[in-house]
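Colleague: Residue numbers (my numbering): 1 to 272. To start, I am sharing the structure in question, which I have written as structure tokens.
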Amino acid sequence: MQMASTSSPVCASINLEDNSSRHGNYGCVPKDPCGELQLIIGPMYAGKTTELMKRVTREIYAHHKCYIVKHSKDTRYCTQSLCTHNMAKLVATISVTKLSDIGDVWKEYDVVAVDEGQFFSDVLEFSKKVADAGKKVIVSALDSDYLREPFRDICLLVGLADSVTKLTAVCTVCSHDASFTHRVVDNQERELVGSVGMYIAVCRRCYIEKRRKKELQHKAMTYNDHIPAASATQEVSDESLPILSTGVSPEAEAAEISEQEPATKKRVREWA
1 MQMASTSSPV
11 CASINLEDNS
21 SRHGNYGCVP
31 KDPCGELQLI
41 IGPMYAGKTT
51 ELMKRVTREI
61 YAHHKCYIVK
71 HSKDTRYCTQ
81 SLCTHNMAKL
91 VATISVTKLS
101 DIGDVWKEYD
111 VVAVDEGQFF
121 SDVLEFSKKV
131 ADAGKKVIVS
141 ALDSDYLREP
151 FRDICLLVGL
161 ADSVTKLTAV
171 CTVCSHDASF
181 THRVVDNQER
191 ELVGSVGMYI
201 AVCRRCYIEK
211 RRKKELQHKA
221 MTYNDHIPAA
231 SATQEVSDES
241 LPILSTGVSP
251 EAEAAEISEQ
261 EPATKKRVRE
271 WA
């Protein structure tokens, strides 16, 4: 009996060169890096700068040239280095007011790291330009201020980022996860660079309670400012009292009073 031979399945060979020409170079390793934007956000004391330094250190170990930028107004612990609240340091490449002050130097590096991104007015434009040019951009920033008002450019970066890391701190009041920043000092500036003692990290419930308490204190102070302060001791003499004129001479008034005294005494005796 002759067995029917089973044919093995035919495997079609794939020509990557031809496939790339038809489908836009898919499946091939790109010649140039595609660029990347990493965003690290959260409240104060969440470890944003620490996470940024960790990623930059990893890039340095991978032999990538890193360009580290800090804002010139951030002089809390040191002027030439990134510095965490725990005093961990990483030397910055440059300290500037605007990212445009860097010029085109970033083109010579593989990675560009920006700390305290909310302070830079051009962080959105700069990050997009550098990432689109094939560089890896790492930005750490606050996502909202002490009033929980979002920083516009940082929120817009979320839509452009390849990855977004939202960190939380520990609530100073109740030890729950803290997503917000509460300002302790009495200052209304939106961007106030502060270290330990000026801000605390709080959860949602504790933030609302502290904001309500602070608003009540502010209203009380405003009310007290409208009340004139009285002197500690003020002696009032007869001469200082206003004199009411009745149109009757003092002599006639005294005589009238003396005439009324006997009748008054008589009525008192009757009532007694």
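C-beta atoms are modelled at their ideal positions from N, C-alpha and C, and glycine is treated no differently.
With distances taken Cα to Cα, identify the nearest neighbour of R204 among D186, A113 and L147.
Modeller: Checked all of D186, A113 and L147; the closest Cα to R204 is L147.
Colleague: What residues are listed by DSSP as bridge partners for G103?
Modeller: BP columns for G103 are empty, so no partner.
Colleague: Below 6 Å CB to CB, which residues in the same chain sit around D162 once its five sequence neighbours on both sides are set aside?
Modeller: These residues qualify, in order along the chain: E36 and L37.
Colleague: Should M44 go down as buried or exposed, given a rule of 16 or more other Cβ atoms within 10 Å for buried?
Modeller: It is buried - the Cβ of M44 has at least 16 other Cβ atoms within 10 Å.
Colleague: Cutting at 7 Å between CB atoms, please list the residues of its own chain near V130, excluding the five before and the five after it.
Modeller: Cβ neighbours of V130 beyond the five flanking positions: W106, V112 and V137.
Colleague: Give me the Cα-Cα distance between L99 and E215, rounded to the nearest whole angstrom.
Modeller: Roughly 37 Å between the two C-alpha positions.
Colleague: Just to confirm, is the Cβ distance from D177 to T165 under 7 Å?
Modeller: Result no, Cβ atoms of D177 and T165 do not sit closer than 7 Å.
Colleague: Whole angstroms is fine: what's the gap from D101's alpha carbon to S95's?
Modeller: Going by the C-alpha atoms only, they are around 10 Å apart.
Colleague: Of all the beta strand (DSSP E) runs that stay within the bounds of the stretch 121–181, which reach a length of 3 or more residues?
Modeller: DSSP runs (the beta strand (DSSP E)) wholly in the stretch 121–181: 136–142 and 163–166.
Colleague: Leaving out five residues on either side along the sequence, give the residues of the same chain with a beta carbon under 8 Å from the beta carbon of F151.
Modeller: Around F151: Q118, A141, L142, D143, S144 and D145.
Colleague: With a CB to CB cut of under 8 Å and the five nearest residues on each side skipped, what residues in its chain are close to V56?
Modeller: Closer than 8 Å at the Cβ level, and outside the excluded window around V56, lie C66, I68, L90, V111, A113 and I138.
Colleague: Measuring alpha carbon to alpha carbon, tell me which of Y223, T181, N224 and G197 ends up nearest A46.
Modeller: Among Y223, T181, N224 and G197, the Cα nearest to that of A46 is on T181.
Colleague: On the premise that C171 lies in contact with A133, defined as a C-beta separation below 8 Å, what is that separation, rounded to the nearest angstrom?
Modeller: Actually they do not touch by this definition, with Cβ atoms about 40 Å apart.
Colleague: Exposed or buried, which one is E116 when buried takes at least 16 other CB atoms within 10 Å?
Modeller: With 16 or more other Cβ atoms within 10 Å, it is buried.
Colleague: Identify whether H64 lies in helix, strand or coil by the three-state DSSP scheme.
Modeller: If DSSP states are grouped into helix, strand and coil, H64 belongs with coil.
Colleague: Looking only at its own chain, which residues have a Cβ that is under 6 Å from the Cβ of K210, when we skip the five neighbours before and after it?
Modeller: Once the five neighbours on either side are set aside, the close Cβ partners of K210 are H182.
Colleague: What's the call for V123, buried or exposed, on a 16-neighbour Cβ count within 10 Å?
Modeller: Classification of V123: buried, given that the 10 Å Cβ count is 16 or more.
Colleague: Can you tell me whether S72 is buried or exposed? The criterion is at least 16 other CB atoms within 10 Å of its CB, across all chains shown.
Modeller: Exposed, because fewer than 16 other Cβ atoms sit within 10 Å of the Cβ of S72.
Colleague: State yes or no: is the C-beta of L156 within less than 7 Å of the C-beta of L39?
Modeller: Taking 7 Å as the Cβ cut-off, L156 and L39 do not qualify as a contacting pair.
Colleague: Please state the DSSP three-state secondary structure of G42.
Modeller: DSSP places G42 in strand when its eight states are reduced to three.
Colleague: May I ask which residues mark the beginning and end of the beta strand (DSSP E) holding Y109?
Modeller: From DSSP, Y109 is part of no beta strand (DSSP E); its letter is neither H nor E.
Colleague: Should V173 and C206 be called a contact, given that it needs their Cβ atoms to be closer than 7 Å?
Modeller: Result yes, Cβ atoms of V173 and C206 sit closer than 7 Å.
Colleague: Figure out for me which residue from H218, N224, E51 and K128 has the closest Cα to the Cα of C34.
Modeller: With distances taken between Cα atoms, C34 lies closest to K128.
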